[in-house]
Amino acid sequence: MCGIVGYLGKKSATPILLSGLKRLEYRGYDSAGICVLENGALKTFKKEGPIKMLAAELDKQSLNSQIGIAHTRWATHGQPNETNAHPHYDCQHKIAVVHNGIIENFEGLKILLAKEGHKIVSETDSEVIAHLIEKFYHGDLEQAVLEAVKLLEGTFGLAVISESEKKLVAARRGSPLILGIGPDEIFIASDASAIIEYTNQVVYLEDNEIATISEQGYEVKSLDGHNANNQVTEIKWTIDEIEKSGFEHFMLKEIFEQPKTIANALRGRIKDGKIKLSVNFDAKKIDKIIITACGTSWHSALIGKYLLEKIAGMPTEVDYASEFRYRHPIVRDNNLLIVISQSGETADTLAALRETKNCQTLGIINSVGSTIAREVKSGIYLHAGPEIGVASTKAFTSQVASLILLALYIKEQISGELDQALSDELLIIPEKIQTILDQAENIKAISQNFVSAKNLLYLGRGINFPVALEGALKLKEVSYIHAEGYPAAEMKHGPIALIDKNMFVVFIVNHGPIFEKIVSNMQEVRARGGRIIAITDVKDAAVEKLSEFIITVPSVSEELSPLVNIIPLQLMSYYVASANGINVDKPRNLAKSVTVE
Ligand code: M6R
Numbered sequence: 001m002c003g004i005v006g007y008l009g010k011k012s013a014t015p016i017l018l019s020g021l022k023r024l025e026y027r028g029y030d031s032a033g034i035c036v037l038e039n040g041a042l043k044t045f046k047k048e049g050p051i052k053m054l055a056a057e058l059d060k061q062s063l064n065s066q067i068g069i070a071h072t073r074w075a076t077h078g079q080p081n082e083t084n085a086h087p088h089y090d091c092q093h094k095i096a097v098v099h100n101g102i103i104e105n106f107e108g109l110k111i112l113l114a115k116e117g118h119k120i121v122s123e124t125d126s127e128v129i130a131h132l133i134e135k136f137y138h139g140d141l142e143q144a145v146l147e148a149v150k151l152l153e154g155t156f157g158l159a160v161i162s163e164s165e166k167k168l169v170a171a172r173r174g175s176p177l178i179l180g181i182g183p184d185e186i187f188i189a190s191d192a193s194a195i196i197e198y199t200n201q202v203v204y205l206e207d208n209e210i211a212t213i214s215e216q217g218y219e220v221k222s223l224d225g226h227n228a229n230n231q232v233t234e235i236k237w238t239i240d241e242i243e244k245s246g247f248e249h250f251m252l253k254e255i256f257e258q259p260k261t262i263a264n265a266l267r268g269r270i271k272d273g274k275i276k277l278s279v280n281f282d283a284k285k286i287d288k289i290i291i292t293a294c295g296t297s298w299h300s301a302l303i304g305k306y307l308l309e310k311i312a313g314m315p316t317e318v319d320y321a322s323e324f325r326y327r328h329p330i331v332r333d334n335n336l337l338i339v340i341s342q343s344g345e346t347a348d349t350l351a352a353l354r355e356t357k358n359c360q361t362l363g364i365i366n367s368v369g370s371t372i373a374r375e376v377k378s379g380i381y382l383h384a385g386p387e388i389g390v391a392s393t394k395a396f397t398s399q400v401a402s403l404i405l406l407a408l409y410i411k412e413q414i415s416g417e418l419d420q421a422l423s424d425e426l427l428i429i430p431e432k433i434q435t436i437l438d439q440a441e442n443i444k445a446i447s448q449n450f451v452s453a454k455n456l457l458y459l460g461r462g463i464n465f466p467v468a469l470e471g472a473l474k475l476k477e478v479s480y481i482h483a484e485g486y487p488a489a490e491m492k493h494g495p496i497a498l499i500d501k502n503m504f505v506v507f508i509v510n511h512g513p514i515f516e517k518i519v520s521n522m523q524e525v526r527a528r529g530g531r532i533i534a535i536t537d538v539k540d541a542a543v544e545k546l547s548e549f550i551i552t553v554p555s556v557s558e559e560l561s562p563l564v565n566i567i568p569l570q571l572m573s574y575y576v577a578s579a580n581g582i583n584v585d586k587p588r589n590l591a592k593s594v595t596v597e
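For the sequence shown, the working numbering begins at 1 and goes up steadily by one.
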């Protein structure tokens, strides 16, 4: 949600800041701005719209500065326009600030600052920060930032530049920031993808820390002024992983990467007849699991509940992180709290984790070194590589694969026995997924039939009900077509009223004990003129008769079926959205990582 880049070094800052912004555009893309210090003066350029608008403006300038800050915005307070775009200034235009997060007490601070004569020009919550720094600035930028942030309530990741000192100051509370360390240069970024082109050596700022960067190097302190000792760590992924590699969109690339990313999630974790996970809880002492997450990660949590209960016999509850954190949940010492997050930075998920101090915690996280990854007591990394498409695809399947591993691990710890058949089958799931990807052209052709649809229903049962939810979410996010997921049998308790000849209904209909029951639900839809798209692993005359379109998926055990059933749904969403000319990697109003409440 919004992106920050900063640079101080020997090279020209503008192209570096701009390329960083382009890499961060998936985090926010309604306006962007840059501020560099050149010949003792701050020069700022801001544009509404995507980064290319700002780039076109910068092309007209001949800037030659070695220090600057930049921002791409996902609007929270105030319309996306040039005034509200970052960087924001103090009254004298001598201090500029870029900010991620939300300042909750900004209205009060605005009144206070206005009384003192400050002129606030934007509608944002962020601009007050520049004026507070101005208020406290007496020749020492770091000190002024330290004083200013004492008055802030809410969350911030900040980068600050001033006309009077060749320094950058970065500060963080609740919104991620890293420093990138090169031989003669230092970067600030809200996300490593902004700087991986230049360095893979990074320092993660912790909450309530401030970093001051000058030509002499960098120094990190806590916001109460004590020196911190943050280590430099190496980022393992490379620039290639954040390139499109010939695909038209990141979303399509990431869908097609899934055989590889699932194999990465499993690699080395099923070995010598055992499940190997670096977790530090004693499964025999756990009496209940609580999983909390948001969005797509919440859907994999729902699948996790089925898996943990069915495979490991472990009672499991699932909660939206945004609800969990405010509902006074009962969490006992013997419970295990699992948080699932692709980014590891989702504000509600992080807050839910921080609510729970007394029990064991486990993160299922993609982004290495992210805040949640650092705060959980143990974790399972997905190893899916950076996910750039705003709509989560490969992270979802890696989360589900990791949850299957976890359920197998807990079962093995409790009973002493590995479910060999299921773990063997899990290892060959990447090949099965490839067979669905090989049908992409057929799925694309089917998708063309509902590019103009206004509504779709997605129905599934059991472990595939969350897959129906995820299929509907994917379509909504990237195509803006309204879609709802339901447990198939619930349809007759209300949604059936929606069925007519214009309603497309996607059924996930797999072999197994409830196959016939789902076929009955299909009958109910057809009887009312609904148009059925079946995702099925069964060659069945009734399914063929009732369905207008059929996508066949490989037959796998029920526990693994979400991994195959979701693939055609992801592809359908992608093809519908791209047929409608939508930029699927940056759908309107969304941002990759929701770091505000
Ligand atoms: O990074 P996280 O997994 O914590 O993100 C949670 C949701 O914000 C995320 O899954 C969101 O729903 C995506 N847009 C889904 O495609």
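From the three backbone atoms N, C-alpha and C, an ideal C-beta is built for every residue, glycine too. All of these numbers come straight from a predicted model, not from anything done at the bench.
- Counting only heavy atoms of the ligand M6R, the residues whose C-beta sits closer than 6 Å to one of them are, along the chain, C294, G295, T296, S297, S341, Q342, S343, T346, T349, V390, A391, S392, E477, L590, S593 and V594.
- Excluding its 5 nearest sequence neighbours in each direction, P259 has C-beta neighbours in its own chain below 8 Å: P430, E431, I433, Q434 and L437, listed in chain order.
- The beta-bridge partner set that DSSP reports for A391 is empty.
- If you draw a 10 Å sphere on the C-beta of K501, you find fewer than 16 other C-beta atoms in it, and that means exposed.
- By the C-beta density criterion, D287 is exposed, having fewer than 16 other C-beta atoms within 10 angstroms.
- Here the alpha carbon of A391 sits roughly 27 Å from the alpha carbon of K46.
- The beta carbon of E257 lies closer than 7 Å to those of K394 in the same chain, with the five residues before and after it left out.
- Around A384, the same chain offers T261, N366, K394, A395 and S398 as residues with beta carbons nearer than 6 Å, after the five sequence neighbours per side are excluded.
- Taking C-alpha positions only, S378 is separated from L54 by approximately 42 Å.
- CA-to-CA, the gap between H482 and G68 works out to about 42 Å.
- A residue is called buried when at least 16 other Cβ atoms come within 10 angstroms of its Cβ; I463 meets this threshold and is buried.
- Taking 8 Å as the cut-off, the beta carbon of T296 is found no closer than this to the beta carbon of L308.
- By the Cβ rule, the region 478 to 498 does not count as touching the region 319 to 337, because fewer than three pairs are nearer than 8 Å.
- In this structure, the beta-carbon distance from G460 to A488 falls below 8 Å.
- Going by DSSP, P587 is part of no alpha helix (DSSP H) at all; its letter is neither H nor E.
- Taking every protein chain shown into account, the CB of K305 has 16 or more other CB atoms within 10 angstroms, so this residue is buried.
- Note: G460 is bridge-paired with P487 in the DSSP secondary-structure output.
- Annotated three-state conformation of T361 is strand, per DSSP.
- Separation of G182 and Q201 (C-alpha to C-alpha, rounded to the nearest whole angstrom) is 7 Å.
- Taken in chain order, the whole alpha helix (DSSP H) runs of length 4 or more contained in the region 73 to 120 are 106 to 115.
- Residues I69, A159, L168 and I188 of the same chain have their beta carbon placed closer than 6 Å to that of G6, with the five preceding and five following residues left out of the count.
- Annotated three-state conformation of I213 is strand, per DSSP.
- Rounded to the nearest angstrom, the Cβ distance from S31 to E82 is 7 Å, consistent with a contact under 8 Å.
- Contact annotation: I186 and L17 have beta-carbon atoms that are not nearer than 8 Å.
- Between the region 125 to 142 and the region 98 to 107 there are three or more inter-stretch CB-CB distances shorter than 8 Å, so the stretches are counted as touching.
- A straight-line Cα-Cα distance of about 14 Å links V400 and L469.
- Look at E375 here: in three-state DSSP terms it is helix.
- Annotation for Y7: the continuous beta strand (DSSP E) segment containing it runs G3 to L8.
- When secondary structure is reduced to three states using DSSP, K454 falls in the coil class, being assigned neither helix nor strand.
- Taking 4 residues as the minimum length, the alpha helix (DSSP H) runs contained wholly in the region 257 to 330 are 258 to 266, 295 to 310 and 321 to 324, in order along the chain.
- Here DSSP, grouped into helix, strand and coil, assigns R526 to helix.
- Segment contact: the region 111 to 126 against the region 162 to 181, fewer than three CB-CB distances shorter than 8 Å; contact not assigned.
- For V220, the three-state secondary structure derived from DSSP is strand.
- Ranking K357, D319, R531 and I380 by CA distance to the CA of G344 puts I380 first.
- For P466, same chain residues with a beta-carbon under 6 Å away, outside a window of 5 residues either side, are H299, L302 and I303 in chain order.
- Shortest Cα-Cα distance from T155 to any of L408, E559, N521 and A351 involves A351.
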